[in-house]
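Chains as they are written, first to last, in this note's numbering: chain A, 41 to 267; chain B, 3 to 363.
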Amino acid sequence: MPLDPVAWQAVQRTVELATLTTLCLLVLATPIAWWLSQTTSRWRAPLGALVTLPLVLPPSVLGFYLLVLMGPNGPLGQFTQSMGWGLLSFSFTGLLVGSVISSLPFAVQPMQHAFESLGRRPMEVAATLRAGRMDAFFTVALPQARAGLLTAAILSFAHTVGEFGVVLMIGGNIPGQTRVVSTQIYGHVEAMEYAQAHWLAAGMVVFSFTVLLGLALLRRRTVRVMG
Amino acid sequence: MTEEPLRIVLDLPRAEFRLQVDLTLPSSGISVLLGPSGSGKTTVLRCVAGLERAQRALVRMGEETWQDDAAGVFLPTHQRALGYVFQEASLFEHLDVMGNLRYGLRRVASAQAQRTLDTAIELLGIGHLLQRRAHQLSGGERQRVAIARALATAPRVLLLDEPLAALDHARRQEILPWLERMRDELHLPMLYVTHSADEMARLASHLVVLEAGSVRAHGPVAEVLASVDTPVVAGEDAGVLLRGEVLEHDPQWYLMKVGFPGGALWLKDAGLRQGAPVRMRLLARDVSVVLQEPDGTSIQNHLRCEVDAMVPDAHPSQVLVRLRCGPTWLLARITRRAWETLALRDGLVVWAQVKSVAVVP
């Protein structure tokens, strides 16, 4: 058996984290992407930039501020404590919050592009066929932007699996709790367990390559269907 | 079905002009909005549908008020009982043809809408396409499905925005007969936007001519076309529309005689039975004027007329002459020199020679 139980636990936590992050993002990013694609408000540019920020910031910066926010003296930390939930920092829930924020642009951008490329026409057609805004959104905009939604889900999942900086900063690398594959590899290397590190690292390479290949094939198929 | 007319009053600033219309349209037949591109005709349609909002507007379809800014009424598009056919194919690509047709029907859910859909499928000949997906259809088939989909909501009015503009000539000829069937068999008022004089001649019962956001002329199509003070369909397309019926046939020469109020014309036998109604288009360029009844000419159709009016044409060398032939008006395009040489004047009795007549179904 190339992987010890602790490493398997890290793999399991990673899959759990990535799945939950993706689900949260589909719920959270869809309205944001729709709003950004439709609005003519002057808040569009600043909010668009804010959503994209995690893409360019070093994960350590993001992790640092999240840690401050969630810590005992941060506003979020004070709130969770007053509700009797304890602190989010160094917990799996805290990790989930961090992952959702750091992967937000990977979910919003493909959806926003998909919504924008639909143009106004499908929604107008739906309106002339008696569908109200919400009705038309769920029955026309979402199904027609499904390729963008799928891309968003895959990218969010893959990016969460590949996240390291934020995870290390707010998760604290606690085995069975907040230790994921990327931090497990770091641990193996620190402990000079190169063979163990290889198995996990190679697994990540294969996983990431498969995801990107799948995305490319998906895009080609979508183009063919559209054409 | 409503007998009250359709009222459309709009006032809307555009980039180059101000769109100002005040129209009362009949509650049956096809009202064609004709004008060059950029004249505001599509905007009129979008305002009627509520896709765009004019500032001071009144949109009444029969007894239903869709927008009345004086009373603070504005119904959103999905609450207006209309059907809309867009210029380009606008079918939902994630649904098959049946899914597209049922999209609006489901949201209306009336027995009448179901009957209308059945009629529309039959009327537009799309029964064999129901399981196909949008991208498997030809351009003409897509537009027929889009029209049936709009009809399936049992609308009070059908709005068509250049529905044939994106199609080639052959596909256009394929759809026109279906539209004519709709005009003749459904008692549904239609607003039809086009810049094509050909489509207008085939479909219009009422004509609105728009130019730079203003209505230049409107009324029953025959009247508008024959009015020389606003030679509306300028250029090569100026002409009149006549309604008549087949009087007799001449099998030896494959001809038929079509009578209209004020005269009769011999045309190619189109295989119509005696008494069948015929719409004919006489272009001004195919009508010439002679002072005596012509003799020894290859042109077989001569009509005794009276000169009624004359206006300058687009080119300074030419004039448009309106001729009164009984209760019917004809237009003739002749040179200004001919007008002077023949000493034509209002009230003079002349003969119109008609070189060719197009029968429009």
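We put the beta carbon where it would ideally sit given N, CA and C, even for glycine.
All figures in this text were calculated on a predicted structure; none of them were measured in a lab.
- Message: Quick test of your reading: B/A83 and B/R158, contact by CB under 8 Å. State the CB separation rounded to the nearest angstrom.
- Response: Confirmed, about 5 Å.
- Item | Proximity winner among A/A154, A/Q152, A/V180 and A/E156, relative to A/M163 (alpha-carbon distances) | Of the candidates A/A154, A/Q152, A/V180 and A/E156, the one whose C-alpha sits nearest the C-alpha of A/M163 is A/V180.
- Query: Of all Cβ atoms in chain A, is any one closer than 8 Å to the Cβ of B/V99?
  - Reply: By the rule that beta-carbons nearer than 8 Å mark a contact, B/V99 does not touch chain A.
- Query: From this set, B/R62, B/R151 and B/Q175, which residue's C-alpha is nearest B/E6's C-alpha?
  - Reply: Sorting B/R62, B/R151 and B/Q175 by C-alpha distance to the C-alpha of B/E6 places B/R62 at the top.
- Spatially closest choice to A/V18 from A/G243, A/T200 and A/V55, by CA coordinates: This structure gives no information on residue 18 of chain A, because the portion of chain A shown stretches from 41 to 267.
- Item | Cutoff 7 Å; reference A/A185; Cβ partners in own chain excluding five residues on either side | Same-chain partners within the cutoff: M151, A154, F155 and L158.
- Query: Measuring CA to CA, which of B/G64, B/L332 and B/I336 is closest to B/V359?
  - Reply: Checked all of B/G64, B/L332 and B/I336; the closest Cα to B/V359 is B/L332.
- Message: Tell me the residue span of the alpha helix (DSSP H) that contains A/P145.
- Response: First-last of the alpha helix (DSSP H) with A/P145: F132 to L158.
- Message: Would you say A/R261 lies against chain B (beta-carbon separation less than 8 Å)?
- Response: Not an interface residue.
- Whose C-alpha, out of B/T44, B/R58 and B/V362, is nearest the C-alpha of B/E164? Residue nearest to B/E164 within the set B/T44, B/R58 and B/V362 is B/T44 (criterion: CA-CA distance).
- Where B/E308 sits in the DSSP three-state scheme: Residue state, collapsed to three classes: strand.
- Message: Between B/E66 and chain A, is any beta-carbon pair separated by less than 8 Å?
- Response: Chain A, which has no Cβ nearer than 8 Å to the Cβ of B/E66, makes this no.
- Item | Closer than 7 Å at the beta carbon, the chain A residues around B/G106 | Neighbours of B/G106 in chain A, taken as residues whose beta carbon is under 7 Å from its own, are L169 and R170 in chain order.
- Could you spell out where the beta strand (DSSP E) holding B/H220 opens and where it closes? Here the beta strand (DSSP E) through B/H220 covers S216 to P222.
- Decide yes or no for the touch test of the region 30-43 of chain B against the region 197-217 of chain B: beta carbon pairs closer than 8 Å, at least 3 of them. Touching, yes, given that three or more Cβ pairs across the two stretches are closer than 8 Å.
- Item | beta strand (DSSP E) runs contained entirely in the region 42-96 of chain B, provided each spans 3 or more residues | Taking only runs of at least 3 residues, the beta strand (DSSP E) segments lying wholly in the region 42-96 of chain B are 60-63, 66-70 and 84-87.
- Query: Around the Cβ of B/D288, are there at least 16 other Cβ atoms within 10 angstroms (buried) or fewer (exposed)?
  - Reply: So B/D288 counts as buried.
- Item | Cβ separation of B/W353 and B/Q302, assumed to be a contact under 8 Å, to the nearest whole Å | Their Cβ separation, rounded to whole angstroms, is 13 Å, which puts B/W353 and B/Q302 out of contact at 8 Å.
- Message: Out of B/S30, B/E250 and B/G328, which one is the CA nearest neighbour of B/E187?
- Response: Measuring C-alpha to C-alpha distances from B/E187 to each of B/S30, B/E250 and B/G328 identifies B/S30 as the nearest.
- Closest residue to B/M282 among B/A266, B/P296 and B/T343 (Cα-Cα distance): Checking every option, the nearest Cα to that of B/M282 belongs to B/A266.
- Message: Measuring alpha carbon to alpha carbon, tell me which residue in A/S139, A/V101, A/A242 and A/L169 is nearest B/R109.
- Response: The shortest CA-to-CA distance from B/R109 to any of A/S139, A/V101, A/A242 and A/L169 is the one to A/L169.
- Query: If you compare alpha carbons, which of B/P78, B/L126, B/V248 and B/Q320 is closest to B/A278?
  - Reply: Looking at B/P78, B/L126, B/V248 and B/Q320, the one whose alpha-carbon comes closest to that of B/A278 is B/V248.
- Task: Kindly list the residues whose CB is nearer than 7 Å to the CB of A/P215, restricted to its own chain and excluding five residues on each side of it in sequence; keep chain order.
- Result: Scanning its chain for C-beta atoms nearer than 7 Å, with the 5 sequence neighbours on each side dropped, one finds around A/P215 the residues V46 and Q49, in chain order.
- Query: Buried or exposed: which applies to B/G349, given that a residue is buried once 16 or more other Cβ atoms fall within 10 Å of its Cβ?
  - Reply: Counting Cβ neighbours within 10 Å, B/G349 comes out exposed, since fewer than 16 surround it.
- Query: Can you name the residues of chain B whose CB is closer than 7 Å to the CB of A/P183?
  - Reply: Ordered by position in chain B, the residues that pass the 7 Å Cβ test against A/P183 are H96.
- By the 10 Å Cβ neighbour count, where 16 or more other Cβ atoms means buried, how is A/R261 classified, buried or exposed? Exposure of A/R261 is indicated by the presence of fewer than 16 other C-beta atoms within 10 angstroms of its C-beta.
- Alpha carbon of A/M266 to alpha carbon of B/H137, nearest angstrom: Below a pLDDT of 50, predicted positions are generally treated as unreliable, and A/M266, at 47, falls in that range; the measurement from the model is reported next regardless. Rounded to whole angstroms, A/M266 to B/H137 spans 8 Å at the Cα level.
- Query: How about B/L153 and B/T196: are their beta carbons less than 8 Å apart?
  - Reply: Taking 8 Å as the cut-off, the beta carbon of B/L153 is found no closer than this to the beta carbon of B/T196.
- Item | Contact the region 81-96 of chain A vs the region 104-116 of chain A: 3+ CB pairs below 8 Å | The region 81-96 of chain A vs the region 104-116 of chain A: no contact.
- Message: For chain B, check one thing: does any of its Cβ atoms lie closer than 8 Å to the Cβ of A/R161?
- Response: Chain B contact via Cβ: present.
- With 8 Å set as the bound, which would you pick, yes or no: does the beta-carbon of A/E156 sit closer than that to a beta-carbon of chain B? Judged by the 8 Å Cβ criterion, A/E156 is not in contact with chain B.
- Message: Pop quiz: A/M110 and A/L127 are said to be a contact at Cβ under 8 Å. What is the actual Cβ separation, rounded to whole angstroms?
- Response: Right, the Cβ-Cβ distance comes to about 7 Å (below 8 Å), so this counts as a contact.
- Query: What three-state label does DSSP hand A/G267 in the structure shown?
  - Reply: Any reading at A/G267 must be qualified, since the residue scores a pLDDT of 36, below 50, and its modelled position is unreliable; no value is offered.
- Item | Ordered list of beta strand (DSSP E) runs contained in the region 289-354 of chain B, each at least 3 residues | Runs found: 289-292, 303-314, 320-327 and 330-337.
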